[in-house]
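Novice: My questions all concern the structure below.
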Amino acid sequence: MSEIKTIGVAGAGTMGAGIAIVCARAGFRTRVFDLNQQAVERARDQTEAFLRKSVERGKLAPEKLSEIMGQWSGSTSLSDFSDCDLVIEAVFESLPVKHDLFGKLHQICPPHALFASNTSTISITEIAGGSGRADRFVGMHFCLPAQLMKLVEMSPGLNTSDETFAKAWALCEALGQKPVRTQDTPGFVLNYFLIPFNNDAIRLVEQGVAEAADIDLAIKTAMGYAMGPLELLDLVGMDTQKLLCEAMHGITNEPRAACPPLVRRMIAAGWLGKKSGRGFHTYADSKMFGA
Ligand SMILES: NC(=O)c1ccc[n+]([C@@H]2O[C@H](COP(=O)([O-])OP(=O)(O)OC[C@H]3O[C@@H](n4cnc5c(N)ncnc54)[C@H](O)[C@@H]3O)[C@@H](O)[C@H]2O)c1
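Read left to right, the sequence shown gives residues -19 to 271 (my numbering).
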């Protein structure tokens, strides 16, 4: 198998923007694709702002900023992925959307290119089934925010070749991330805990047991978490949380994974979380991770 030099990131939303930072920062030519031009522009702004902050904090040499931005390019045209050696997909959590995208990518990308999905809850084997190259397909689940969190859950589908998995694992390490092997199961390790846990926090708000800020404070103080569950949900986004719950509950029937009604009301009200300026908490601006 040839070396990975160029990485395509499909979807420039909350996760795709962060994954692209990780790839470009590690020295890979990074192509970012989204159907939405604004999402591409936002991801570029976010990347620059994040890198500028890294320089201010002494974590990045000033001359590296333009070097990393030089590795980053964004587009609304999928044909720009024609030279990618690996595509990491981070589009909406929907099997038909992912199948449609990978079907197109299979026609555009070179035969040696590996495909990876950042899905949180959908089966890697099922997504790979619509990719035309199930042997060269792997799950790579980054954590939010990807540019700061090291964990990547790596999951082979039933048809993933050993060679593909080994190559994706090595790439993950070359990105400076910490891979952990998991089976192809809904939620892998992290979201198996996190989705029901976060929903419990939402239900405490629904029942009026405590204010959002006090729930977050209690969890952070007692459990040593950097962020409370409702603060984290504001970053995840209610729209994404709803899709995650539907996918997880649809597969497992776990009652605690069912989408709490409050999430649907918040989406209807436009309270998506940090990205819309209001979720369980309110924000002076809607910039994600400094951009
Ligand atoms: N938000 C999280 O905490 C989190 C964490 C880990 C993994 N994930 C997974 O990452 C994926 C993306 O989640 P997100 O939170 O970044 O969502 P998001 O809604 O923030 O971003 C999704 C982006 O995909 C774009 N998109 C949708 N369909 C597309 C298509 N066919 N082609 C190109 N772009 C398309 C949208 O325009 C949007 O910019 C999901 O599979 C989700 O399960 C999310």
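In this text, a Cβ means the ideal position worked out from N, Cα and C, and glycines have one as well. If you're wondering where the values come from, they're calculated on a predicted model, not measured in any experiment.
1) Who are the Cβ neighbours of phenylalanine 8 in its own chain at under 6 angstroms, not counting the five residues just before and after it?
2) Cutting at 6 angstroms between CB atoms, please list the residues of its own chain near proline 166, excluding the five before and the five after it.
3) Let me check understanding here. Comparing Cα to Cα, which of Asn179, Arg236, Leu223, Leu124 lies closest to alanine 206?
4) Considering proline 159, what are the terminal residues of the beta strand (DSSP E) in which it resides?
5) Of the choices Asn16, Asp115, Ala23, Phe30, whose alpha-carbon is the least far from that of leucine 128?
6) Just the Cα atoms here: how many angstroms apart are valine 284 and arginine 183?
7) With hydrogens ignored, establish whether the beta-carbon of threonine -9 is closer than 6 angstroms to any heavy atom of ligand 1.
8) If I follow the unbroken beta strand (DSSP E) through tryptophan 52, where does it start and stop?
9) Does the contact criterion of 3 or more C-beta pairs under 8 angstroms hold for the region 78 to 91 versus the region 167 to 183?
10) Quick check: lysine 200 and lysine 158, are their CB atoms within less than 7 angstroms of each other?
11) Whole alpha helix (DSSP H) runs in the region 87 to 113 with 4 or more residues, listed along the chain?
12) Please return the same chain residues whose Cβ sits closer than 6 angstroms to the Cβ of glycine 156, not counting the five positions on each side in sequence.
13) Hey, is the region 207 to 214 in contact with the region 250 to 264, meaning 3+ C-beta pairs nearer than 8 angstroms?
Specialist: Inspection of the coordinates gives the following:
1) The sequence position of residue 8 within the sequence shown is 28, counting from 1. Same-chain partners within the cutoff: Ile(-13).
2) The residue given as residue 166 occupies position 186 in the sequence shown. Within the same chain, proline 166 has close Cβ partners Thr101, Met228, Ile231, Thr232.
3) Along the sequence shown, read from residue 1 onward, the residue named residue 206 stands at position 226. Of Asn179, Arg236, Leu223, Leu124, the residue nearest in Cα terms is Leu124.
4) Stepping through the sequence shown from its first residue, residue 159 is reached at position 179. 158 to 161 is the span of the beta strand (DSSP E), which, as asked, contains proline 159.
5) Along the sequence shown, one-based indexing puts residue 128 at 148. Residue Phe30 is the option with its Cα nearest to leucine 128.
6) This structure does not reach residue 284, given that the chain is present from -19 up to 271, and the question cannot be answered.
7) Translated into the one-based positions of the sequence shown, residue -9 becomes position 11. First, the residue type needs correcting, since residue -9 is glycine and not threonine in the sequence shown. Glycine -9 Cβ: within cutoff of ligand 1.
8) Walking along the sequence shown from the start, residue 52 turns up at place 72. 52 to 55 is the extent of the beta strand (DSSP E) around tryptophan 52.
9) No, the region 78 to 91 is not in contact with the region 167 to 183.
10) Your numbering for residue 200 matches position 220 in the sequence shown. Your numbering for residue 158 matches position 178 in the sequence shown. When the beta-carbon positions are compared, lysine 200 and lysine 158 stay at least 7 angstroms from each other.
11) 104 to 109, all fully within the region 87 to 113.
12) Your numbering for residue 156 matches position 176 in the sequence shown. Only residues of its own chain outside the window of five on either side were considered, and among them Ala6 have a CB closer than 6 angstroms to the CB of glycine 156, listed in chain order.
13) With the cut-off at 8 angstroms, the region 207 to 214 and the region 250 to 264 touch.
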